[in-house]
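Start counting the sequence shown at 199; every next residue gets the next number (our numbering). See below for the structure under consideration.
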Amino acid sequence: MQTSLAHRTHSRFARATVPTICAAILGSATALAGSPRTINVALDVDNYASVFSGDYNASALTPRTFVPFAGPGAGTLNGTFTTTDDYLYIAAWSDNDVQQGLLVQVKIDGQIILTDSGLWEVCATGEDLGFGSPQPTLANMTSKIGIANAGGGPSLGWKTPSLGGINNFTFPVGNPWAPVSLVSTLCRWMWYDNGTQPDICCDHQPPFRRGWNHDEFLIFRLRLGCVAPPSDMVAWYPFDECVNPTTTFEFANGFHGQKVNSPATVPGNVGPAIELIQTAGVQRHVRVPHTPELNLAANGNDFAIDCWVYSYGSSGNPQFLVYKSSPPANGGGWTLFLEFNLRPTIWLDLPNSTVVTVSSTSQVAVNGWTHIAVNVPAVNTGGSFAQFFINGVPETPQAFPRPMTCATTTDLFMGSYDGSTVNGLYARLDEVELFHRNLTAAEVLALYQAGAQGKCKNDCNHNGRSDEYDIANGAPDTDNNGIPDECDCQVCQGDANGDGVVNFLDITSVLANWLTVCP
Numbered sequence: 199m200q201t202s203l204a205h206r207t208h209s210r211f212a213r214a215t216v217p218t219i220c221a222a223i224l225g226s227a228t229a230l231a232g233s234p235r236t237i238n239v240a241l242d243v244d245n246y247a248s249v250f251s252g253d254y255n256a257s258a259l260t261p262r263t264f265v266p267f268a269g270p271g272a273g274t275l276n277g278t279f280t281t282t283d284d285y286l287y288i289a290a291w292s293d294n295d296v297q298q299g300l301l302v303q304v305k306i307d308g309q310i311i312l313t314d315s316g317l318w319e320v321c322a323t324g325e326d327l328g329f330g331s332p333q334p335t336l337a338n339m340t341s342k343i344g345i346a347n348a349g350g351g352p353s354l355g356w357k358t359p360s361l362g363g364i365n366n367f368t369f370p371v372g373n374p375w376a377p378v379s380l381v382s383t384l385c386r387w388m389w390y391d392n393g394t395q396p397d398i399c400c401d402h403q404p405p406f407r408r409g410w411n412h413d414e415f416l417i418f419r420l421r422l423g424c425v426a427p428p429s430d431m432v433a434w435y436p437f438d439e440c441v442n443p444t445t446t447f448e449f450a451n452g453f454h455g456q457k458v459n460s461p462a463t464v465p466g467n468v469g470p471a472i473e474l475i476q477t478a479g480v481q482r483h484v485r486v487p488h489t490p491e492l493n494l495a496a497n498g499n500d501f502a503i504d505c506w507v508y509s510y511g512s513s514g515n516p517q518f519l520v521y522k523s524s525p526p527a528n529g530g531g532w533t534l535f536l537e538f539n540l541r542p543t544i545w546l547d548l549p550n551s552t553v554v555t556v557s558s559t560s561q562v563a564v565n566g567w568t569h570i571a572v573n574v575p576a577v578n579t580g581g582s583f584a585q586f587f588i589n590g591v592p593e594t595p596q597a598f599p600r601p602m603t604c605a606t607t608t609d610l611f612m613g614s615y616d617g618s619t620v621n622g623l624y625a626r627l628d629e630v631e632l633f634h635r636n637l638t639a640a641e642v643l644a645l646y647q648a649g650a651q652g653k654c655k656n657d658c659n660h661n662g663r664s665d666e667y668d669i670a671n672g673a674p675d676t677d678n679n680g681i682p683d684e685c686d687c688q689v690c691q692g693d694a695n696g697d698g699v700v701n702f703l704d705i706t707s708v709l710a711n712w713l714t715v716c717p
């Protein structure tokens with residue numbers, strides 16, 4: 199059995215939390231990628247669906263259709279299998295009559311994931327399957343998944359599904375679907391909306407209306423497990439805490455930080471994230487006290503940094519993601535930042551008052567999540583290469599001469615340059631990781647492909663025992679989501695200040711920000 203990162207380093211942990219987003223993540227898969235897991239799929243569809251499992255590239259799909267059915271009318275599937283596959287795929291299509299949609303509940307080792315979990319993705323193939331069409335062939339599925347992975351097809355890659363009403367929902371135009379007893383009453387219908395169908399009678403349910411073909415057939419996918427954290431991790435900031443409004447918990451070695459000027463907890467790429475923005479000269483950031491282990495560039499060896507970034511756009515100045523350096527050209531340190539053109543850049547501040555930088559050839563997305571990873575070479579006498587990875591794709595290595603170590607005793611900052619109010623970050627930041635070595639291309643790709651499942655955490659209270667052990671030995675888990683109740687917290691719409699309580703302070707927070715100009 200693979201041991202989690204938490205078990206290897208638990209002696210330095212302090213308490214952190216693994217929160218859920220209200221009405222979004224009702225359960226989370228904690229099985230390590232590559233380990234056997236038991237999958238139960240229960241679904242109802244109008245009209246047709248086929249279930250498969252396989253890897254990211256669908257190079258070896260296995261059909262998992264449990265109860266074949268034929269239309270017209272909705273059909274129900276239910277079945278269980280054990281697999282080491284990383285992804286569940288569902289091909290679905292309608293007969294373009296009455297209503298259409300997919301209602302599905304997945305249990306991964308007993309943990310429930312519904313359609314509104316934020317973990318599902320969908321692509322439109324543009325191939326019009328209809329009444330009585332046979333299920334797609336494995337070759338056709340593999341081809342369409344490959345096109346979506348490359349950002350192609352009518353949907354231009356994978357998208358977040360459109361959500362409709364809950365189980366037993368009555369559509370505004372009538373003809374309610376009967377309740378599906380195998381699926382949670384909270385589960386919502388989902389489909390893809392190609393944006394070309396009119397909104398008739400103001401029902402705001404275009405994907406679910408009769409007679410419309412949204413570039414079907416569709417392929418829905420769900421990652422079946424988290425990915426094991428890479429080794430040699432110096433620090434890991436998931437930004438998942440929500441009951442402590444002032445502390446950012448570090449998950450690997452206990453290098454916790456302080457939230458400065460109350461940055462908000464917001465939906466992230468993997469659970470919650472932190473929003474680090476500058477408004478009216480107030481710089482929201484995180485400050486981590488200096489420790490030698492965070493001096494990545496001090497020992498002269500390779501190191502790596504990765505994170506997820508949701509940018510709100512260019513501010514016209516560099517925007518600092520992670521900063522641990524003396525004042526520019528003053529004697530040591532390193533920085534990962536976004537240039538004014540939103541290209542990720544690594545900066546080393548050398549002891550001889552010079553700097554070396556290299557920038558990615560890609561820009562981060564605006565109003566969307568981008569995964570950034572960068573490998574920085576060791577000290578050399580002739581020259582070596584740095585390499586960026588954007589959304590798992592390696593860029594061409596670039597010359598990056600590093601003739602000496604770059605030690606500094608300054609604190610580490612996220613979202614700010616040395617705590618100043620200039621060059622602030624206008625973005626959300628999630629899953630910041632630091633390593634005392636370069637990452638392999640396969641490791642970076644796995645981190646990106648894990649998507650919303652992220653890296654495996656199974657010791658949420660950092661007591662050196664797995665969550666499963668705690669629950670088996672009496673720790674309450676009243677919502678049966680596999681996480682002890684002490685680690686569950688909610689970030690709800692009414693909780694404006696993110697302190698886990700809805701009270702008069704939330705009204706004060708809303709009023710204080712009423713006229714705030716957002717980036």
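Yeah, the Cβ is synthetic: ideal placement off N, Cα and C, and Gly gets one too. Keep in mind that this is a model prediction, so the values were computed, not measured.
Closer than 8 Å is the cut-off here; do at least three beta carbon pairs connect the stretch 239–252 with the stretch 281–294?
Yes, they touch.
Which residues in the same chain have their Cβ closer than 6 Å to the Cβ of V572, if we skip the five residues on either side of it in sequence?
I503, I544 and F586
Please classify E684: does DSSP put it in a helix, a strand, or coil?
Judged by DSSP in its simplified three-state form, E684 adopts helix.
Output needed for T608: all residues of its chain with C-beta closer than 8 Å, excluding positions within five of it in sequence on either side, in chain order.
The beta carbon of T608 sits closer than 8 Å to the beta carbons of H488, K522, S523, S524, G531 and D616 from its chain, once the five residues preceding and following it are set aside; these are given in chain order.
May I ask which residues mark the beginning and end of the alpha helix (DSSP H) holding M339?
L336 to N347
Buried or exposed: which applies to L354, given that a residue is buried once 16 or more other Cβ atoms fall within 10 Å of its Cβ?
exposed
Please state if the CB of L492 and the CB of V507 are separated by a distance shorter than 9 Å.
no
8 Å contact criterion, which D430 and H634 should meet: CB distance rounded
5 Å
Check whether the stretch 624–639 and the stretch 293–308 are in contact - that is, three or more C-beta pairs closer than 8 Å.
no
Straight-line CA distance for E319 to N578?
44 Å
Check whether the Cβ atoms of L546 and A462 sit closer than 9 Å, and answer yes or no.
With contacts defined by Cβ atoms closer than 9 Å, L546 and A462 do not form a contacting pair.
How is F586 classed by DSSP in three states: helix, strand or coil?
F586 falls in the strand class under three-state DSSP.
Based on Cα-Cα distance, which residue from P405, R419, A346 and N366 lies nearest to S251?
R419
Straight-line CA distance for G511 to I475?
11 Å
Grouping DSSP H, G and I as helix and E and B as strand, with all else coil, what is G362?
Correct three-state label for G362: strand.
Close-in-space but distant-in-sequence residues of the same chain around N497 (CB under 8 Å, 5 per side omitted)
T603 and H634
Between the alpha carbons of G469 and V554, how many angstroms are there, rounded?
35 Å
Span of the beta strand (DSSP E) holding E629?
A625 to F633
Could you pull the DSSP bridge partners for Y246 from this structure?
Looking at the DSSP assignment, Y246 forms a beta bridge with W291.
Cα-Cα, which of R235, Q309 and Q561 is closest to F279?
Looking only at R235, Q309 and Q561, the smallest Cα-Cα distance to F279 is reached by R235.
Please go through the same chain and pick out, in chain order, the residues whose beta-carbon is closer than 7 Å to the beta-carbon of D683, but skip the five residues on each side of it.
The beta carbon of D683 sits closer than 7 Å to the beta carbons of P674, D675 and T676 from its chain, once the five residues preceding and following it are set aside; these are given in chain order.
State the Cα-Cα distance for the pair G622 and A563, rounded to the nearest angstrom.
18 Å
With DSSP as the reference, label V468 as helix, strand or coil.
Residue state, collapsed to three classes: coil.
Which whole-angstrom value is the C-beta distance of L317 and L259, which I expect to be below 8 Å?
Between L259 and L317 the Cβ distance is about 20 Å, and since that is not below 8 Å, they are no contact.
Measure from the alpha carbon of Q333 to the alpha carbon of each residue in L416, Q517, E641 and G350, then state which is nearest.
L416
According to DSSP, is Q651 helix, strand or coil?
DSSP places Q651 in helix when its eight states are reduced to three.
Name the two residues that bound the continuous beta strand (DSSP E) containing Y521.
Q517 to S523
By Cβ distance below 7 Å, which residues in the same chain neighbour N392 in space, the five residues on each side in sequence not counted?
A322, P352, H412 and D413
For L494, the three-state DSSP class (helix, strand or coil)
coil
Which residues bound the beta strand (DSSP E) around L354?
Run containing L354: none; DSSP gives neither H nor E here.
Taking C-beta to C-beta, are N366 and R386 nearer than 9 Å?
no
Applying the 10 Å Cβ sphere with the 16-neighbour rule, what's the burial state of T552?
exposed
Cα separation between S509 and G590?
18 Å
Please list the terminal residues of the continuous beta strand (DSSP E) segment that includes E319.
Start and end: E319 to A322.
According to the neighbour-count rule (16 or more other Cβ atoms, all chains shown, within 10 Å of its Cβ), is T215 buried or exposed?
Bear in mind that the predicted position of T215 carries a pLDDT of just 28, short of 50, making it unreliable; the figure below should be weighed with that in mind. With 16 or more other Cβ atoms within 10 Å, it is buried.
Measuring only the C-alpha atoms, how far is N515 from G479?
14 Å
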